[in-house]
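Undergrad:
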Ligand code: ADP
Ligand code: MG
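Numbering (full-length UniProt numbering), first residue to last: 296 to 975.
What follows is the structure, encoded as structure tokens:
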């Protein structure tokens, strides 16, 4: 068992001894009654009046108060979608956009994709009739490419603004500009109770509309001592809560899909072993790539007598509200991108979350009754080790994508763009430099024809460059597949705990000389030959859902090829061409083997091949990688063997022959010679 100590209490606005019957009763009442019961409802008229009177309004309200689901509906009811005008509501996360749109469609009694729809990358569930569009912030950003003044929108609601994602931050600057010459456009910035004063200042002192909170107090507990293995500690604590605490569902915050799946497996496993000794525990995961039918399950009411535990990523922090949560378990970590503009290395790291985050998480326990939050760290760690707030993404990510987009929108002077928080100067500079190296910008920093094409493709600049390069190497069929498989990211191979050996054997069977990109290509090709069969996936330990998604992505990319003037062609088994096309996009991400392991070519950073890679044991001299992930070490994920001469072929402006000389090859003979001399 894990010992927790009660330390503090998160203040609530409600009497701590509530009539908890409300959840059950609410479920029975009609959906309209639920709508009327939300905290935002009493403010409907006042809110609509404020929107009518101000062009920009900042809306602040506790998570679950009805901002996302209700306000767009109020606007719809008020006639903001007359004359074919649309309302956009942005979400930082794809799961939230899908789930919220589905909920609103149900509340309005319409089919999802008709009046209410969602639009996320590679998936558009909208139609001509759609007037309420839930979309990721990235998708609204792309809308600017086809409609720079957002003329078909009457209202733009930038929701979850406090998350401060890169795309949301860029939207702020663009929307502020559009609002100046479209006085009839309404702009709403909605946020949890954080940061609203800053948003107001940014939008020329726009008024802040506060929706009063409705939250019960939450008791906060800390562990007595730090926990070494937080995953194990999580599993133990969930069972402990289940066995010792009164009814109420549990919400656990973990950092990503792999971790969540592992935790769910461990929980189910232990419940099975305990059998009828404990009450039923429903274990439900939620993360970005979870298919929508599985997502919907977390919202279903818990059957009487059972308890539900939802194991979630940050998505449940503020974007989604799950009814019935009384207990929150918070290990205190999140997965965060970080970026070093000096080396150009981006990495995804599990890091301690901020205090602001920890408090949002705790708040999830107090929605329906007084709750408890168990933190898997000490009170001391909370005080001394957590940052106050999370650094906005714009300050810890590479900006290639966004700079390319802004350039396409005709915004040239990026140093003076209206940023809420400016990115580091070096990061902007490096983005410009990389886009220049990729041929997207000319030496004056202007968009080239190739850059314009790259911006057309909804993927990272390096990936778009790779797709464009497939024209030259006549292998677009294969490159499309590689691009699609890279986009579904690390969820191709299935590795159940009880069949690890079988799963690993199955994976090794897909290995091809050359590296991981070709392995992915091989998996997809064989799957296609099987007739896209789910049975085939099952037999080969491949995740069918990921493959189906890869197929969707591939189709969409294929549909865009004509626009970027790339013809369909196949390499007919000549994989060198495929590898060269990949190198043409990823020549930035190269490493070479030195005496002391792998070093990146330009920056001389020490990096390692990920143990899951097909090249792990071969250790080729030159390679490129798709991404770096920092866990225990800087791991390169998805690596491909290349030849150094290819770098001169695909990026002569970036590499000099001298840099690519092999120190190994030159020094080795000398040394051997010396040794021989010494031996004598
Ligand atoms: P906010 O945006 O202010 O955090 P929301 O509009 O997302 O609030 O949620 C309001 C309420 O709608 C929630 O408290 C929840 O009861 C309900 N709700 C939202 N999404 C769903 C869903 N997918 N299924 C069931 N209920 C939902
Ligand atoms: Mg919301």
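C-beta: ideal position from N, C-alpha, C; glycine also.
Source: prediction; values computed, not measured.
Please tell me whether, using a cut-off of 8 Å, the distance from the CB of residue 394 to the nearest non-hydrogen atom of ligand 1 is below it.
TA: Locating residue 394 in the chain shown gives position 99, counting from the first residue. Result yes, Cβ under 8 Å from ligand 1.
Undergrad: Span of the beta strand (DSSP E) holding residue 418?
TA: Indexing the chain shown from 1 puts residue 418 at position 123. 418 to 420 is the span of the beta strand (DSSP E), which, as asked, contains residue 418.
Undergrad: Using beta-carbon positions only, say whether residue 417 and residue 851 come within less than 9 Å of one another.
TA: Here residue 417 refers to the residue found at position 122 of the chain shown. Here residue 851 refers to the residue found at position 556 of the chain shown. Going by C-beta atoms, residue 417 is nearer than 9 Å to residue 851.
Undergrad: Reducing DSSP to helix, strand and coil, say where residue 794 ends up.
TA: Within the chain shown, numbered from 1, the residue matching residue 794 stands at position 499. Three-state DSSP puts residue 794 in a helix.
Undergrad: Identify whether residue 920 lies in helix, strand or coil by the three-state DSSP scheme.
TA: Within the chain shown, the letter at position 625 stands for residue 920. Looking at residue 920 - three-state DSSP - the assignment turns out to be strand.
Undergrad: Starting from residue 631, trace the beta strand (DSSP E) in both directions and tell me its first and last residue.
TA: Walking along the chain shown from the start, residue 631 turns up at place 336. It spans 628 to 635 - the beta strand (DSSP E) in which residue 631 sits, taken as one unbroken run.
Undergrad: With DSSP as the reference, identify every bridge partner of residue 304, one or two as the case may be.
TA: One-based indexing of the chain shown puts residue 304 at position 9. Bridge partners of residue 304: 514.
Undergrad: Going residue by residue through the stretch 807 to 872, where are the continuous alpha helix (DSSP H) segments of at least 4 residues, counting only ones entirely within it?
TA: Fully enclosed alpha helix (DSSP H) runs of 4 or longer: 811 to 824, 829 to 834, 839 to 855.
Undergrad: Between 551, 433, 659, 617, which has its C-alpha nearest residue 645's C-alpha?
TA: As a working note, residue 645 is residue 350 in the chain shown. Out of 551, 433, 659, 617, 551 has the C-alpha closest to the C-alpha of residue 645.
Undergrad: Please tell me whether, using a cut-off of 8 Å, the distance from the CB of residue 463 to the nearest non-hydrogen atom of ligand 2 is below it.
TA: As a first step, residue 463 must be located in the chain shown, where it is residue number 168. No, the Cβ of residue 463 stays beyond 8 Å of every heavy atom of ligand 2.
Undergrad: Go through its chain and collect everything with a Cβ distance to residue 538's Cβ below 8 Å, but skip five positions before and after it.
TA: Locating residue 538 in the chain shown gives position 243, counting from the first residue. Hits under 8 Å: 573.
Undergrad: Identify whether residue 666 lies in helix, strand or coil by the three-state DSSP scheme.
TA: Taking the first residue of the chain shown as position 1, residue 666 is located at position 371. Strand at residue 666.
Undergrad: Assuming residue 297 and residue 518 make a contact with CB atoms under 8 Å, what is their CB distance in whole Å?
TA: Against the chain shown, residue 297 aligns to sequence position 2. Against the chain shown, residue 518 aligns to sequence position 223. Yes, they are in contact, since the Cβ atoms of residue 297 and residue 518 sit about 6 Å apart, within 8 Å.
Undergrad: So, for residue 477: in the same chain, excluding its five sequence neighbours on each side, which residues have a beta-carbon less than 7 Å away from its beta-carbon?
TA: Taking the first residue of the chain shown as 1, we reach residue 477 at position 182. Within the same chain, residue 477 has close Cβ partners 444.
Undergrad: Taking only runs of the beta strand (DSSP E) that begin and end inside the stretch 895 to 942, which ones reach a length of at least 3 residues, in chain order?
TA: Counting whole runs of 3 or more residues, the stretch 895 to 942 contains the beta strand (DSSP E) stretches 901 to 904, 917 to 925, 929 to 936.
Undergrad: Just the Cα atoms here: how many angstroms apart are residue 556 and residue 862?
TA: Here residue 556 corresponds to residue number 261 of the chain shown, with the count starting at 1. Here residue 862 corresponds to residue number 567 of the chain shown, with the count starting at 1. For residue 556 and residue 862, the distance between alpha carbons rounds to 40 Å.
Undergrad: Hey, is residue 614 close to ligand 2, as in C-beta under 8 Å from one of its heavy atoms?
TA: Mapped onto the chain shown, residue 614 falls at position 319. Indeed, a heavy atom of ligand 2 lies less than 8 Å from the Cβ.
Undergrad: On the criterion of 16 or more Cβ atoms from any shown chain inside 10 Å, does residue 307 qualify as buried, or is it exposed?
TA: Counting from one through the chain shown, the residue named residue 307 turns up at place 12. Answer is buried; the Cβ neighbour count reaches 16.
Undergrad: Indicate the three-state DSSP secondary structure (helix, strand or coil) for residue 550 in the structure shown.
TA: Residue 550 sits at position 255 when you count from the first residue of the chain shown. Coil.
Undergrad: Rounded C-beta distance between residue 733 and residue 753? I'm assuming under 8 Å.
TA: The residue labelled residue 733 in the question sits at position 438 within the chain shown. The residue labelled residue 753 in the question sits at position 458 within the chain shown. Actually they do not touch by this definition, with Cβ atoms about 16 Å apart.
Undergrad: Under 9 Å between the Cβ atoms of residue 512 and residue 666?
TA: Translated into the one-based positions of the chain shown, residue 512 becomes position 217. Translated into the one-based positions of the chain shown, residue 666 becomes position 371. Contact flag set, yes.
Undergrad: So if DSSP puts residue 531 in a beta bridge, which residue, or which two residues, is it bridged to?
TA: Numbered from its first residue, the chain shown carries residue 531 at position 236. DSSP lists no partner for residue 531.
Undergrad: Inspect the beta-carbon positions of residue 474 and residue 463 and report whether they are closer than 9 Å.
TA: Counting from 1 along the chain shown, the entry for residue 474 is found at position 179. Counting from 1 along the chain shown, the entry for residue 463 is found at position 168. No; because the gap between Cβ atoms is not below 9 Å, this pair is not in contact.
Undergrad: Rounded to whole angstroms, what is the Cα-Cα separation between residue 807 and residue 771?
TA: As a position in the chain shown, residue 807 is number 512, starting the count at 1. As a position in the chain shown, residue 771 is number 476, starting the count at 1. Their backbone Cα atoms lie some 19 Å apart in a straight line.
Undergrad: Do residue 656 and residue 612 come within 9 Å of each other at the CB atom, strictly closer than that value?
TA: Along the chain shown, one-based indexing puts residue 612 at 317. Along the chain shown, one-based indexing puts residue 656 at 361. The answer is yes: Cβ separation under 9 Å.
Undergrad: Taking CB distances under 9 Å as the criterion, tell me whether residue 347 reaches chain D.
TA: The structure shown contains no chain D, having only a single protein chain.
Undergrad: Is it true that the CB of residue 795 sits closer than 9 Å to the CB of residue 805?
TA: The sequence position of residue 805 within the chain shown is 510, counting from 1. The sequence position of residue 795 within the chain shown is 500, counting from 1. Contact flag unset, no.
Undergrad: Roughly how many angstroms lie between the CA atoms of residue 347 and residue 906, to the nearest whole one?
TA: One-based indexing of the chain shown puts residue 347 at position 52. One-based indexing of the chain shown puts residue 906 at position 611. So the alpha carbons of these two residues sit roughly 58 Å apart.
Undergrad: As a quick exercise: from 352, 917, 676, pick the residue whose alpha carbon is nearest that of residue 496.
TA: Locating residue 496 in the chain shown gives position 201, where the first residue counts as 1. The option with the nearest alpha carbon to residue 496 is 352.
Undergrad: Going by DSSP in three states, residue 605 sits in which element: helix, strand or coil?
TA: Against the chain shown, residue 605 aligns to sequence position 310. Residue state, collapsed to three classes: strand.
Undergrad: Can residue 359 be considered in contact with ligand 1, in the sense that its beta carbon sits closer than 8 Å to one or more heavy atoms?
TA: The sequence position of residue 359 within the chain shown is 64, counting from 1. Result yes, Cβ under 8 Å from ligand 1.
Undergrad: Find the nearest neighbour of residue 706 within the set 469, 694, 564, judged by alpha-carbon distance.
TA: In the chain shown, residue 706 corresponds to position 411, counting from 1. Of 469, 694, 564, the residue nearest in Cα terms is 469.
Undergrad: Could you round the C-beta distance between residue 364 and residue 340 to whole angstroms and report it? I think they count as a contact, below 8 Å.
TA: Within the chain shown, residue 364 is the residue found at index 69, counting from 1. Within the chain shown, residue 340 is the residue found at index 45, counting from 1. About 18 Å separates the two Cβ atoms, so there is no contact after all.
Undergrad: Tell whether a beta-carbon distance below 9 Å holds between residue 758 and residue 781.
TA: Residue 758 sits at position 463 when you count from the first residue of the chain shown. Residue 781 sits at position 486 when you count from the first residue of the chain shown. Yes, they are a contact pair.
Undergrad: Where does residue 904 land, buried or exposed, given buried means 16+ other C-beta within 10 angstroms?
TA: Within the chain shown, numbered from 1, the residue matching residue 904 stands at position 609. Burial call: buried.
Undergrad: With a threshold of 8 Å (Cβ to nearest heavy atom), would residue 398 be considered close to ligand 1?
TA: Here residue 398 is taken as the residue at index 103 of the chain shown, counted from 1. Because some heavy atom of ligand 1 lies under 8 Å away, the Cβ of residue 398 counts as near it: yes.
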